[in-house]
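In the working numbering, the protein residues as written are 309 to 572. In what follows, a single structure is set out as structure tokens and then discussed.
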Amino acid sequence: MEQLTASVWVHRIDAEGFPTVAAVAFTPKRAFVVDTLMRPQDMRPVLELLAEHAGGRRIVVVNTHHHWDHVYGNAAFPGVDIVAQHACPRLILAQGNTADEYVPLQPPEGVPLPTITFGDRLTYSDEPETVHLIHAPGHSEDSLVVFLAGARLLMAGDTLEWPLPNFAQRGGKDAWIHTLRQLKQLPVELIVPSHGPAMRRTIIDANERYISQVHEAVAAAKKGGAGRNDLDLPAAAFLGDDVVLDDVYEEVHRDNLVWAWDEV
Ligand SMILES: [Zn+2]
């Protein structure tokens, strides 16, 4: 595992081509495990870190949202509280029955559902740290972010993503833009997205620009007669000059265009 700050560690895996993070944040009383990746065995390094460093802390698993690359390792934590937004358990169950070819089969251990849910916000006061779980819809209905107020650090799930966000909530664009504007109000210095490197706050503006400009450009193209599968809108027009996309994110961009065509 990689130690990011005095109290935060990350473990990165490759999830079907996506670099994907599980994080651990220690407070005086608790050890928060943020996301459980694709399989229980993906969480082995996290369990080892906890065995070494958690001491008497209470372990709390957080699912940032229901997608398979964030919750399918939940079975690595038997008997531990799993916290998520209120919509998450229903969406995990629905995902288990999906015919979507992008969703891998559940691991043989199954996917234990969250045991504690909340609506808008759940706060843990562990002086000198305060941990806020904040509902952040847009990428998915149940997305949440983890804000460590003392450390000024935000674990963003897929609400923020680098090099570009992945559209996944039907009708979610306006909620997502609203969420990003709320995030800009938080006194955050370091952002840890589930996919991508730890970054400064500039990722918020970059993602907002991509989401709004892709929807605008697709709407204009559709009005001009472009079909769902022949949108010629290269990603570079919506990203900073220094951003280079690999094949995986080129495909995410193409899927985003089609997704947006259905929305506008
Ligand atoms: Zn993800």
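Ideal Cβ placement from N, Cα and C applies to all residues, glycine included. As the structure is a computational prediction, the values presented were derived from the model and not from experiment.
Between L541 and A529, the beta carbon gap of about 7 Å places them in contact (Cβ cut-off 8 Å). The DSSP assignment places 452-456, 461-465 as complete runs of the beta strand (DSSP E) inside the region 451-480, in order along the chain (cut-off: 3 residues). An exposed status is given to K492, since fewer than 16 other beta-carbon atoms sit within 10 Å of its beta-carbon.
Shown here, V552 sits in coil according to DSSP, grouped into three states, outside any helix or strand.
Taking a C-beta distance under 8 Å as the contact criterion, I321 and V341 do not qualify as a contact pair.
Membership of T510 in the alpha helix (DSSP H) is indicated by the continuous run 510-531. Inclusion of S502 in the 7 Å shell around ligand 1 follows from its C-beta lying nearer than that to a non-hydrogen atom of the ligand.
In the DSSP secondary-structure assignment, Y432 is bridged to V439. Counted as a single uninterrupted DSSP element, the alpha helix (DSSP H) harbouring H361 occupies residues 352-361. Using a Cβ distance threshold of 8 Å, I442 and L421 do not count as a contacting pair. Under a 10 Å Cβ-count criterion, G325 is classified as exposed, with fewer than 16 other Cβ atoms of the shown protein chains found around its own Cβ. Here the alpha carbons of V419 and N382 stand approximately 6 Å from one another. Look at the beta carbons and you see the region 330-349 touching the region 367-377: at least three pairs across the two are nearer than 8 Å. When the five nearest sequence neighbours on each side are left out, the beta carbons in the same chain lying within less than 6 Å of the beta carbon of L430 are those of L441, in order along the chain. Using a Cβ-Cβ distance cut-off of 8 Å, the region 548-563 and the region 470-478 are in contact, since at least three pairs of beta carbons, one from each stretch, lie closer than that value. Taking 8 Å as the upper bound for CB-CB distance, R536 and V560 are not in contact here, some 17 Å apart.
Looking from the CA of P501, the closest CA among N515, Q490, P495 belongs to N515.
In this structure, S451 sits away from T425, with a CB-CB distance that is not shorter than 8 Å. A buried status is given to N564, since no fewer than 16 other beta-carbon atoms sit within 10 Å of its beta-carbon. Proximity to Y557 across K337, W484, A543 peaks at A543, based on C-alpha coordinates.
Under the three-pair Cβ rule at 8 Å, the region 510-527 counts as touching the region 477-494. D377 has its Cβ nearer than 7 Å to a heavy atom of ligand 1.
Comparing alpha-carbon positions, the option among T423, L357, H378 lying closest to P386 turns out to be T423. Taking C-alpha positions only, I499 is separated from G479 by approximately 26 Å.
In this structure, ligand 1 has no non-hydrogen atom nearer than 7 Å to the beta-carbon of D408. Annotated as proximal: E449 and Q477, with beta-carbon spacing under 8 Å. Taking 8 Å as the cut-off, the beta carbon of A323 is found no closer than this to the beta carbon of V332.
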